[in-house]
Amino acid sequence: MENLVQEAIQNVNLQAIMPSLVLCVFGMAILMVSVFSKRGSTTHIAWLSIAALVVTGFVTLIGWNNPQAGFAGSVLLDNFATFFSMICIIAAGLTILMSDDYLRREGYPVSEYYPLILFTTAGAMWMASGTDLMTIFLGLEVLSVSLYVLAGFFRNQTRSNEAGLKYFFLGAFSTGFLLYGVALLYGVTGTTKVDGIAAYLMANPEAAMNTMFIAGGSLLLVGFLFKVAAAPFHMWTPDVYQGAPTPITAFMSAGPKAAAFAALMRVTIIGLDGLQSELTSLFWILAVLTMTIGNFIALTQKDLKRMLAYSSISHAGYVMVGLVAWNEIGLSAILFYMLVYTFMNMGAFAVLVLIGKKGEDNLTLDGVAGLGYKKPILGIVLSIFLFSLMGLPPTAGFTAKFYIFAGAIEAGYIWLAVLGVLNSAVSLYYYLRVMVQMYFKDPEEDFAWVSINGPVTISIVVSAVGVLYLGIFPHTLMSLAKLAGF
Amino acid sequence: MITVNHYLLLSAILFAIGTFGVLTRKNAIVIFMCIEVMLNSVNLTFIALSRHVGNMDGQIFVFFVMTVAAAEAAVGLALMIAFFRNKESIDTDDFNMLKW
Amino acid sequence: MEVILFYLTAIVAIMSAIFVTQCRNPVNSALNLITVFLCLAVYYVMLESPFMAAIQIMVYAGAIVVLIVFVIMLLNLGLAVKERYTHGMAGSGVLAAIVLFVANYFIRYGEATGTGGSVTSEVVASYGHTELIGRAMFVDFLLPFEIASILLLVAIVGAVIISKREV
Chain G
399 MENLVQEAIQ NVNLQAIMPS LVLCVFGMAI LMVSVFSKRG STTHIAWLSI
449 AALVVTGFVT LIGWNNPQAG FAGSVLLDNF ATFFSMICII AAGLTILMSD
499 DYLRREGYPV SEYYPLILFT TAGAMWMASG TDLMTIFLGL EVLSVSLYVL
549 AGFFRNQTRS NEAGLKYFFL GAFSTGFLLY GVALLYGVTG TTKVDGIAAY
599 LMANPEAAMN TMFIAGGSLL LVGFLFKVAA APFHMWTPDV YQGAPTPITA
649 FMSAGPKAAA FAALMRVTII GLDGLQSELT SLFWILAVLT MTIGNFIALT
699 QKDLKRMLAY SSISHAGYVM VGLVAWNEIG LSAILFYMLV YTFMNMGAFA
749 VLVLIGKKGE DNLTLDGVAG LGYKKPILGI VLSIFLFSLM GLPPTAGFTA
799 KFYIFAGAIE AGYIWLAVLG VLNSAVSLYY YLRVMVQMYF KDPEEDFAWV
849 SINGPVTISI VVSAVGVLYL GIFPHTLMSL AKLAGF
Chain H
35 MITVNHYLLL SAILFAIGTF GVLTRKNAIV IFMCIEVMLN SVNLTFIALS
85 RHVGNMDGQI FVFFVMTVAA AEAAVGLALM IAFFRNKESI DTDDFNMLKW
Chain F
78 MEVILFYLTA IVAIMSAIFV TQCRNPVNSA LNLITVFLCL AVYYVMLESP
128 FMAAIQIMVY AGAIVVLIVF VIMLLNLGLA VKERYTHGMA GSGVLAAIVL
178 FVANYFIRYG EATGTGGSVT SEVVASYGHT ELIGRAMFVD FLLPFEIASI
228 LLLVAIVGAV IISKREV
């Protein structure tokens with residue numbers, strides 16, 4: 399009995415889970431604070447959550463270049479996990495900054511909103527640092543369950559209810575596939591650890607021909623592709639993104655998606671390394687499909703949130719190009735891209751939060767007519783974000799795409815890079831349409847309700863600075879991303 | 035003699051029945067129950083394989099699948115109640131606010 | 078004996094799973110769901126995992142189905158309208174059939190090769206299943222166990238927020 403306790407304690411390595419631990423403790427403390435706060439006052443909860451994220455950010459950065467494994471191989475906090483954790487922390491911080499005024503405007507000043515975002519971020523960290531499919535799965539579920547709640551947070555709005563329910567059903571359904579895949583892989587390899595699977599594949603290359611292994615691997619991939627919203631498993635994205643509260647939509651498209659990519663990368667690149675040629679040809683098809691479907695359906699959209707949802711599908715396609723490349727530059731470009739995407743997409747959503755009226759029925763193409771004249775600064779900032787989403791210099795969207803396609807070309811996938819560039823050209827149309835509305839249409843509204851004095855402005859400024867800085871000086875971050883790759 | 039493959043085939047059948055139910059039914063609660071059937075077939079796979087493989091990892095996984103199922107049940111049913119209050123229905127045909 | 082028990086339980090499980098998907102009244106579906114859970118608990122006992130069988134009945138039949146039945150009562154759902162035939166349904170049927178055949182094919186010709194672990198029937202008999210579960214959970218899988226607690230916290234908070242009436 400005694401040595402069992404000893405053995406259990408030896409496995410504990412708190413340093414390996416420090417960021418998520420700090421975040422969870424803060425989350426629970428803030429939950430307690432919110433119980434004793436006056437109902438309807440959430441501003442101090444929001445700032446407390448920001449403080450929690452800042453502390454967590456520092457704790458995370460301390461772990462840079464100091465990989466920590468622990469808990470009998472359940473978790474490994476390496477540079478890769480640290481990088482993705484930072485992306486999620488930044489995404490959560492920007493979300494919280496744009497949420498406070500928004501929640502009050504929509505009439506839901508509920509303070510539990512903020513702890514839920516913190517727990518989502520912790521779930522994303524476990525996904526990024528998990529080296530056991532069990533840890534990854536539970537992190538994924540913490541993340542998903544809090545996002546079901548956050549997507550359906552406006553409980554008296556049918557649209558939000560519907561988004562939450564749809565997300566819940568498709569999430570639970572895809573979890574079934576993911577688990578079935580894990581079960582079959584476990585049967586073949588006898589372990590759920592990612593490096594255990596890799597070691598088994600290394601020792602028994604013939605396992606790759608075992609039909610049970612193929613079935614398990616494919617089901618696992620289906621589960622992950624659902625979560626990153628890659629075609630043909632993207633159907634839930636537009637509905638959920640359109641119906642969810644706008645800051646949550648922004649968050650879902652950045653933080654959780656980055657975490658899902660982190661888990662997908664760890665499982666495929668470390669766990670299924672022996673199947674590189676099969677996987678890259680699969681990802682090749684999926685990347686082209688995802689880019690094309692996302693961009694072409696986005697062309698027809700009138701609702702801005704829905705358009706950005708399809709645009710986020712196409713961006714998932716670009717990220718998968720980096721996965722096809724499977725080389726150092728391609729993989730570190732994925733890390734770079736996810737951070738840049740966090741800035742540019744969350745910036746665009748923050749502008750939408752600012753110009754929306756209660757109920758947000760005005761967030762359509764016609765709703766932004768004349769914004770460029772009435773609110774010139776907002777017009778310029780939104781244009782910067784749209785240019786970045788298009789991938790035009792000097793914004794970070796350009797450098798990010800450049801690195802991704804450079805990785806593909808280096809690995810010999812010239813055609814894939816060409817298709818990616820063509821897709822970016824297609825995407826110019828629907829982003830430019832928004833700018834045409836902003837600058838070449840007569841204003842229907844005077845945008846008098848837009849006040850740029852709230853904390854939303856901070857998140858817009860941070861995003862804009864991030865987009866421009868990373869566009870002009872990408873090298874520092876890219877060298878960090880190279881250190882963080884596998 | 036019952037081998038591990040018998041169990042795997044049975045759970046594949048249950049998984050397919052659950053999938054069929056999720057895809058064809060319109061009532062949200064019934065869809066949720068079909069998802070539970072799918073998760074349970076996965077649990078059967080895990081336990082059968084765990085005995086076959088000879089370690090406990092699979093059974094621990096089942097433990098967490100149950101936890102997750104309970105958590106999802108709580109949140110999912112709450113979402114259904116909220117939807118029902120606004121729409122007086124939990125029919126998936128009434129999930130029609132969001133369309134392209 | 079074991080073979081007969083296996084096939085009898087399999088028939089009951091498959092039939093009640095089909096009833097779960099086909100019953101017009103959600104309460105009947107819920108009752109059939111309990112039958113599926115009980116059949117699986119029988120299999121867990123046959124697979125020398127009595128602890129999982131007990132948990133299966135307590136958590137699934139005892140907690141989750143009760144929750145579902147409560148919600149059915151709360152929402153006072155009537156019979157489902159007789160569903161009209163649509164092409165979507167036919168497509169889903171075909172899809173599910175494909176899933177079934179592909180899964181069967183893959184499993185029949187695949188092989189669960191990861192054998193050779195230390196937990197054999199003798200080990201289970203000498204230590205007891207519960208102790209083995211406890212060892213694995215608290216020595217090897219402590220972190221997932223802790224994450225599960227956060228998951229449940231999130232679920233409780235979320236369910237309360239979503240179903241509260243006033244803000």
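Residue numbers (our numbering), protein chains in the order written: chain G, 399 to 884; chain H, 35 to 134; chain F, 78 to 244. For each residue, glycine too, the CB sits at the ideal point set by N, CA and C.
| Check | Outcome |
| --- | --- |
| Segment limits, alpha helix (DSSP H) that includes residue 550 of chain G | Looking at the DSSP string, residue 550 of chain G is not in any alpha helix (DSSP H), and its letter there is neither H nor E. |
| Chain H contact for residue 115 of chain F (CB, 9 Å cutoff) | no |
| Residue environment, residue 558 of chain G, which counts as buried when at least 16 other CB atoms sit within 10 Å | buried |
| Burial state of residue 122 of chain H, where buried means 16 or more other Cβ atoms lie within 10 Å | exposed |
| The segment 848–865 of chain G / the segment 484–503 of chain G touching (three or more Cβ pairs under 8 Å) | yes |
| Residues near residue 761 of chain G in its chain [Cβ-Cβ closer than 7 Å; skip 5 each side] | 701, 702, 703, 750 and 754 |
| Collapsed DSSP secondary structure at residue 530 of chain G in the structure displayed | strand |
| At least three beta-carbon pairs within less than 8 Å, the segment 581–597 of chain G to the segment 536–543 of chain G | no |
| First through last residue of the beta strand (DSSP E) which encompasses residue 237 of chain F | Counting along the chain, residue 237 of chain F falls outside any beta strand (DSSP E), though it belongs to the alpha helix (DSSP H) covering 219–240. |
| Alpha carbon of residue 519 of chain G to alpha carbon of residue 80 of chain H, nearest angstrom | 29 Å |
| Closest Cα partner of residue 458 of chain G within the set G/812, G/523 and G/401 | G/523 |
| Buried versus exposed, by CB contacts within 10 Å (16 or more), residue 873 of chain G | exposed |
| Three-state secondary structure (DSSP) of residue 555 of chain G | coil |
| Unbroken alpha helix (DSSP H) run spanning residue 685 of chain G, endpoints | 674–696 |
| Residue closest to residue 382 of chain G, alpha-carbon to alpha-carbon, out of G/785, G/793 and G/818 | Any question about residue 382 of chain G goes unanswered here, given that chain G covers just 399 to 884. |
| Cβ neighbour criterion (16 or more within 10 Å) applied to residue 821 of chain G | buried |
| The segment 643–662 of chain G touching the segment 224–231 of chain F, judged by at least three CB pairs closer than 8 Å | no |
| Contact list for the segment 179–209 of chain F against chain G, Cβ threshold 9 Å | 179, 180, 182, 183, 184, 185, 186, 187, 188, 189, 190, 191, 192, 193 and 194 |
| Backbone CA spacing between residue 176 of chain F and residue 51 of chain H [nearest angstrom] | 10 Å |
| Distance CB(residue 43 of chain H)-CB(residue 181 of chain F) smaller than 9 Å | yes |
| Straight-line gap, residue 37 of chain H to residue 99 of chain H (C-alpha atoms, nearest Å) | 24 Å |
| Neighbour-count burial assignment, residue 607 of chain G, 16 or more Cβ in a 10 Å radius | exposed |
| Chain G contacts made by the segment 215–235 of chain F, where a contact means CB separation under 8 Å | 215, 216, 217, 218, 219, 220, 221, 224, 225, 227, 228, 230, 231, 232, 234 and 235 |
| Short CB-CB distance (under 9 Å) between residue 532 of chain G and chain H | yes |
| Under 9 Å from the C-beta of residue 121 of chain H: neighbouring residues of chain G | 556, 559 and 560 |
| Cβ neighbour criterion (16 or more within 10 Å) applied to residue 197 of chain F | exposed |
| For residue 449 of chain G and residue 436 of chain G, the rounded distance between their alpha carbons | 20 Å |
| Residues that residue 76 of chain H contacts on chain G, provided the C-beta gap is smaller than 7 Å | 574, 577, 578 and 581 |
| CB contact below 9 Å: residue 550 of chain G versus chain H | yes |
| Sub-9 Å separation of residue 576 of chain G and residue 663 of chain G beta-carbons | no |
| Check whether residue 473 of chain G and residue 220 of chain F have beta carbons under 9 Å apart | yes |
| Alpha helix (DSSP H) segment containing residue 768 of chain G, residue limits | Where residue 768 of chain G is concerned, there is no enclosing alpha helix (DSSP H), given that its DSSP letter is neither H nor E. |
| Neighbour list for residue 134 of chain F in chain H, Cβ cutoff strictly below 9 Å | Within chain H, no residue comes near residue 134 of chain F; the closest Cβ sits about 11 Å away, beyond 9 Å. |
| Residue-chain proximity (residue 134 of chain H, chain F), Cβ-Cβ < 9 Å | Reliability of the predicted coordinates at residue 134 of chain H is poor, the pLDDT of 46 falling under 50, and the value obtained from them is presented with this limitation in mind. No, because no Cβ of chain F sits closer than 9 Å to the Cβ of residue 134 of chain H. |
| The alpha helix (DSSP H) enclosing residue 56 of chain H, as first and last residue numbers | 38–58 |
| Minimum length 4: unbroken alpha helix (DSSP H) runs contained in the segment 757–835 of chain G | 769–772, 774–788 and 794–808 |
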